[in-house]
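Peer 1: Okay, here's the structure, questions in a sec.
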Amino acid sequence: MLNYSVDADGIATVEFDYPNKSQNILNAGSMGAYAEAMQKALADPAVKGIVLTSAKKDFIAGGDLAELGAATDAAAFHAAISGWHKLMRGIELGGKPVAAAFNGSALGGGLELALGCHYRVAADNPKARFGFPEVTLGLLPGAGGTQRTPRLIGMQAAAPLLMEGKRIKAAEALKVGLIHAVVKVGDERTAARQWVLDAVASGAKPLQPWDTKGFRIPGGGPNTPNGMQMLMAANAMLREKTYDNYPAPKHILSCVYEGLATNIDTGLAIEARYFTHLVMSPVSKNMIRSLFFGMQDANKLGSRPKHVAVQKYSKIGMLGAGMMGAGIAMCTAQAGIAVVLLDTTQEAADKGKAYASKQWSKQVAKGRMTQEAMDALLARIHPTTDYADLAGCEMVIEAVFEKREIKAEVTKKAEAVISADAIFASNTSTLPITGLAQASVRPANFIGLHFFSPAEKMPLVEIIVGKATSDETLARSMDYVRAIGKTPIVVNDSRGFFTSRVFGTYVSEGMALLEEGVPPALIDKAGLIAGMPVGPLALADEVSIELIHKVTQQTRADLGEAYVERAADRVAAKMVAELGRLGRKSGGGFYDYPAGGPKHLWPGLAEHFPQKVGAGSLCVPGIPLRGQATAIVTLEQIVERLILAQSVEAVRCLEEHVLRAPIDADVGAILGWGYPPFRGGPIGWLHSLGLANALDALERLTKTHGARFAPPELLRNLAAKGESFYPA
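With the numbering used here applied, the sequence shown corresponds to residues 2 to 729, in that order.
Here's what the structure looks like:
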């Protein structure tokens, strides 16, 4: 794991080289080897100084998340992390100069290890990044990061690095004082070694700033006016943004406030306790499982059929140049693939390309893209009305109106031009792929690629496999999704697939609460407190209440007598058919959207959906429910309904084999509609609750609110056997 050598001048080189991995990581094994090497160098009289470096393309990627995710013994973990702190303090006070040489990125624990050195020099590598991403996985920098960083660069500069997981380039790291020098690529080891030689020659004992007499925290400590102002503002902003759902940033603030009010060793002891608490918490377990391992497997195409050769794309057809089609064209062009952007009129097709031009122009204006790069991207998009231009496309994607007749027409026209082995994909969000494939003369090559709006920004693509879709088509479609930098989940065909079906339950439950008489402001606030990015009623406006109503009408027509009406159907019908409130696109839905002013709840809601309680109350009495005269509905109960409505539907998708694996539900929900990561996803949340507890809650909700909360047999069976969707 480490290479150790000592040169003729007495400079020891400790080189990280984790076996069988492309990146160096920190875990019990690598830190044990590091401790052995550093203690050997410190104890050897022949060693005058030490250079810490890496044999990989980057320095160290961070901690071993598999080890952190599996940790269950708090006492043992706390002892281990306290041992790391003791080791690093021993290096700082060991009397020998230690320099870290960064050839590439230093993140998380890797950067913390380097902060325990007296000097840091980085190569001028444009791809290198420096920072602490731990907070994005529900953790904090637990190897001294919350203590050394603000002591080194000040609390104000440290805050975005520690609390937001911001990653910065070498030049910015130099500017804020995180590193001491930036040199030409390849010179970093030489520069680090020279500093060590100079430090040895000076004869002075090397010390960190916080170990020198008279040290003061740059910009002031937590008990100074500047420090108190910064901490108060940070605490208020944190509460407003997270509703205390995420303990990591709050614990980081506590580490800074408590730790910087004392000496470095006490501060490290404080950090160790908070870090241990986070590592043992279900929040970090959920976020590591879903945001790291689940996402990693999806991006690596872990479920891709292995026997199919990888497809390289050079030309894609895009049918429909609206906002969705234009966004998909943008993603494709950015991947270096030519796009034929086709619509019914040249004006419409040109408008789609103009949308791409407008979005890229914003990046040019911000200095994130050159004009030449933008021109090259636009040159890859060919707006047209001629289906003959689709010749040579390896794939054609349609994003036309959600009507079977229109989709069938464009399918036939495109297939008349493209080659026999080309793929035809539908971007439908609701219509079953197997039914749409009936218009195709080669249904084995027909598949669903459900993008999310805006397509150029949203990271998820839901790949829908129809009954006739071949494994080859699935594999090649996954290759396209990876080529354009998106994350795929694979689902089997059904009405609404997974994302539209489960996402819809959140909006529907919000409408049901409105019909019951719960104040609309409380409904949407409960959604935010639950961790969702937008309240259910506001989200219905964004999606379009009219679209919800149309999908309901289509589903009712398709299912006939088998269709079961929901409260949301009645609410959407009243809003659209009776009141003409279609959503944000028409200027008004559940909210009004005045020109030049902020949106606000439509006052007419009180008349058409009478509130049976006072708005803003956290305890809402007097709401008639099934078979009861009155009931008390608390904020916590509203949150429970909004969240468990999604979970129970996700389990049904698993039971019906719409989903292929639980992790697909969790990754899809987090990326697709902003499901709160701290819960781990709709399946991950049931795992956190414990299936027995989740089963009790759903049975209670079923008695009160009906069959939509009825626990599926899959959940009952797992709970009866004491099992879960994920390992304990």
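We treat Cβ as the ideally placed atom computed from N, Cα and C, and that holds for glycine.
Can you find at least 3 beta carbon pairs, one from the segment 91 to 101 and one from the segment 41 to 53, that sit closer than 8 Å?
Peer 2: Cβ pair count under 8 Å is three or more, so yes.
Peer 1: Which same chain residues end up closer than 7 Å to GLN629 when comparing Cβ atoms and leaving out the 5 residues on each side of it in sequence?
Peer 2: Residue placement at GLN629 cannot be trusted, given a pLDDT of 40 that sits under 50; the coordinates are not used to answer.
Peer 1: Starting from GLY91, trace the alpha helix (DSSP H) in both directions and tell me its first and last residue.
Peer 2: 75 to 93 is the span of the alpha helix (DSSP H), which, as asked, contains GLY91.
Peer 1: Beta-carbon separation of VAL136 and ILE154 under 8 Å?
Peer 2: Not closer than 8 Å, so no.
Peer 1: Counting pairs of Cβ atoms below 8 Å between the segment 103 to 117 and the segment 299 to 316, do you hit three or more?
Peer 2: Contact fails: fewer than three Cβ-Cβ distances are below 8 Å.
Peer 1: Nearest CA to the CA of PRO455: which residue from ALA400, ALA421, ASP494 and LYS57?
Peer 2: With distances taken between Cα atoms, PRO455 lies closest to ALA400.
Peer 1: Can you tell me the Cα-Cα spacing of TYR652 and PHE710, whole angstroms?
Peer 2: Tyr is not the amino acid found at residue 652; the sequence shown has Val there. If you take the alpha carbons of VAL652 and PHE710, they lie about 11 Å apart.
Peer 1: Classify GLY105: buried if its beta carbon has 16 or more other beta carbons within 10 angstroms, exposed otherwise.
Peer 2: Classification of GLY105: buried, given that the 10 Å Cβ count is 16 or more.
Peer 1: Beta-carbon of THR346 versus every beta-carbon of chain B: anything under 8 Å?
Peer 2: Given the protein chain composition of this structure (a single chain), no chain B is represented.
Peer 1: Pop quiz: ALA696 and ARG717 are said to be a contact at Cβ under 8 Å. What is the actual Cβ separation, rounded to whole angstroms?
Peer 2: First, the amino acid is wrong: residue 696 is Leu here, not Ala. About 7 Å separates the two Cβ atoms, so the contact holds.
Peer 1: Measuring alpha carbon to alpha carbon, tell me which of MET288, ALA423 and GLY303 ends up nearest SER315.
Peer 2: Taking only the C-alpha atoms, the option nearest SER315 is ALA423.
Peer 1: How would you call PHE453, buried or exposed, if buried means at least 16 neighbouring beta carbons within 10 angstroms?
Peer 2: So PHE453 ends up on the buried side.
Peer 1: In angstroms, rounded to a whole number, what distance separates the CA positions of ALA646 and ALA693?
Peer 2: For ALA646 and ALA693, the distance between alpha carbons rounds to 17 Å.
Peer 1: Could you tell me if the beta carbon of TRP211 falls within a distance shorter than 7 Å of some heavy atom in the ligand ADP?
Peer 2: With respect to the ligand ADP, the structure shown offers nothing to examine, as it has no ligands at all.
Peer 1: Does the Cβ-Cβ distance between LEU529 and TYR247 come in under 8 Å?
Peer 2: Contact: no.
Peer 1: If TYR258 sits next to LEU279, beta carbons under 8 Å apart, how far is it from one beta carbon to the other, in whole angstroms?
Peer 2: So it is not a contact: roughly 16 Å between Cβ atoms.
Peer 1: Work out the CA separation of MET281 and THR431 for me, nearest whole Å.
Peer 2: The alpha-carbon atoms of THR431 and MET281 are separated by roughly 40 Å.
Peer 1: Alpha carbon to alpha carbon, how far is TYR19 from VAL122?
Peer 2: Each residue's alpha carbon lies about 21 Å from the other.
Peer 1: Per DSSP, TYR120 is paired with what?
Peer 2: Note: TYR120 sits in a beta bridge opposite ALA100.
Peer 1: Which residues share a DSSP beta bridge with GLY132?
Peer 2: LEU108 and ARG168, per the DSSP bridge assignment.
Peer 1: Would you kindly work out how many angstroms separate the C-alpha atoms of GLU700 and VAL284, rounded to a whole number?
Peer 2: Between GLU700 and VAL284, the C-alpha separation is close to 25 Å.
Peer 1: List the DSSP bridge partners of LEU379.
Peer 2: For LEU379, which the question treats as bridged, DSSP gives no partner whatsoever.
Peer 1: Between ALA102 and ALA193, is the Cβ-Cβ spacing less than 8 Å?
Peer 2: For ALA102 and ALA193, yes; Cβs fall inside 8 Å.
Peer 1: LEU602 bridges to which residues according to DSSP?
Peer 2: In DSSP, LEU602 forms a bridge with TYR592.
Peer 1: For THR371, count neighbouring Cβ atoms within 10 angstroms of its own Cβ and tell me buried if that reaches 16, exposed if not.
Peer 2: Result: exposed.
Peer 1: Would you say ILE398 and ILE317 are within 8 Å of each other, going by their C-beta atoms?
Peer 2: Yes, these two residues count as a Cβ contact at 8 Å.
Peer 1: Just to check my reading of the structure: LEU515 and LEU540 have Cβ atoms closer than 8 Å, yes? What is that Cβ distance to the nearest angstrom?
Peer 2: Their Cβ separation, rounded to whole angstroms, is 13 Å, which puts LEU515 and LEU540 out of contact at 8 Å.
Peer 1: Using the three-state DSSP reduction, which class does GLU566 fall into: helix, strand or coil?
Peer 2: In the structure shown, GLU566 sits in coil (DSSP, three-state: anything other than H, G, I, E or B).
Peer 1: Please check the pair CYS256 and LEU69, which I expect to be a contact at CB under 8 Å, by giving their CB distance rounded to whole angstroms.
Peer 2: That belief does not hold up - the Cβ atoms of CYS256 and LEU69 are roughly 17 Å apart, past 8 Å.
Peer 1: Could you give the DSSP three-state label for LEU696: helix, strand or coil?
Peer 2: Reduced to three states, the DSSP call for LEU696 is helix.
Peer 1: Decide if the segment 518 to 526 is in contact with the segment 566 to 583; the criterion is three or more beta carbon pairs, one per stretch, under 8 Å apart.
Peer 2: No, they do not touch.
Peer 1: What does the Cβ neighbour count give for LEU655, buried or exposed, with the cut at 16 atoms within 10 Å?
Peer 2: LEU655 is buried by the Cβ-count criterion.
Peer 1: Identify, in the order they occur along the chain, each residue of the same chain with its Cβ nearer than 8 Å to the Cβ of VAL577, setting aside the five sequence neighbours on each side.
Peer 2: Contacts found: ILE546, GLU547, HIS550 and LEU583.
Peer 1: What do you get for GLU510, buried or exposed, if any count of 16 or more other CB atoms within 10 angstroms of its CB means buried?
Peer 2: Answer is buried; the Cβ neighbour count reaches 16.
Peer 1: Please report the straight-line C-alpha distance between GLY323 and LYS352, rounded to a whole angstrom.
Peer 2: So the two alpha carbons sit approximately 8 Å from each other.
Peer 1: Pick out whichever of GLY30, PHE131, THR54 and LEU302 has its Cα sitting closest to the Cα of ALA172.
Peer 2: Closest option to ALA172, Cα to Cα, is PHE131.
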